[in-house]
Amino acid sequence: MKQPPYNIYRKHFSTHRMEKNMTGILLVSHGNYAQAMMETAQMVLGAQEKLLAVGLTPSKSPEMLKEEICQAIQALGGDGLLVFTDITSGTPFNTVALLSQEHSFRHFTGINLPLLIETLISRPYSSLGTLADTLKEKAASTFVDVDERLKESSGTL
Numbered sequence: 005m006k007q008p009p010y011n012i013y014r015k016h017f018s019t020h021r022m023e024k025n026m027t028g029i030l031l032v033s034h035g036n037y038a039q040a041m042m043e044t045a046q047m048v049l050g051a052q053e054k055l056l057a058v059g060l061t062p063s064k065s066p067e068m069l070k071e072e073i074c075q076a077i078q079a080l081g082g083d084g085l086l087v088f089t090d091i092t093s094g095t096p097f098n099t100v101a102l103l104s105q106e107h108s109f110r111h112f113t114g115i116n117l118p119l120l121i122e123t124l125i126s127r128p129y130s131s132l133g134t135l136a137d138t139l140k141e142k143a144a145s146t147f148v149d150v151d152e153r154l155k156e157s158s159g160t161l
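In my numbering, the protein residues as written are 5 to 161.
Shown next, in the form of structure tokens:
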């Protein structure tokens, strides 16, 4: 993927060495949402290691999705794994929840681009547990009622 000239995070990532034991991240969603989020995050931050996306498309059965997720878990596993799904109780969520009985990973649902970017920025320097704590702490701040915020702050964000 060609990197855009306006990449604001490139300097940060090029001056710090990535840990080899970095936590893997797997995005699982309906349709192409996971793939699009992964590509968008890489447009902002640059290429990322140990980041994969799997989507449930109309041509894919739940069993095919499960197999694809298992392959991704195997490819990313070993040093800790975060799995993000899009919607609670949807097929991707349910499949990942069932697989959590067979594999060791942390599963979060309701992923959005700000949380993904925060996680990607933090993970070279954070343990799986620290990343999980940060996600829980930051989640509410990624969804903002802008009109309400403007009224509260007299027109400034």
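Glycine included, every Cβ here is placed at the ideal spot set by N, Cα and C.
{"query": "Residue span of the alpha helix (DSSP H) that contains isoleucine 73, given as start and end", "result": "66-80"}
{"query": "Nearest residue (CA-CA) to glycine 114, options Gly133, Thr146 and Leu132", "result": "Thr146"}
{"query": "Proximity test, arginine 153 beta-carbon vs the ligand PLP heavy atom, cut-off 8 Å", "result": "In the structure shown, the ligand PLP is absent, as is every other ligand, since no ligand is present at all."}
{"query": "Nearest-angstrom Cα separation, counted from proline 62 out to lysine 140", "result": "32 Å"}
{"query": "The region 116-136 touching the region 94-106, judged by at least three CB pairs closer than 8 Å", "result": "no"}
{"query": "Straight-line gap, lysine 64 to glutamate 106 (C-alpha atoms, nearest Å)", "result": "22 Å"}
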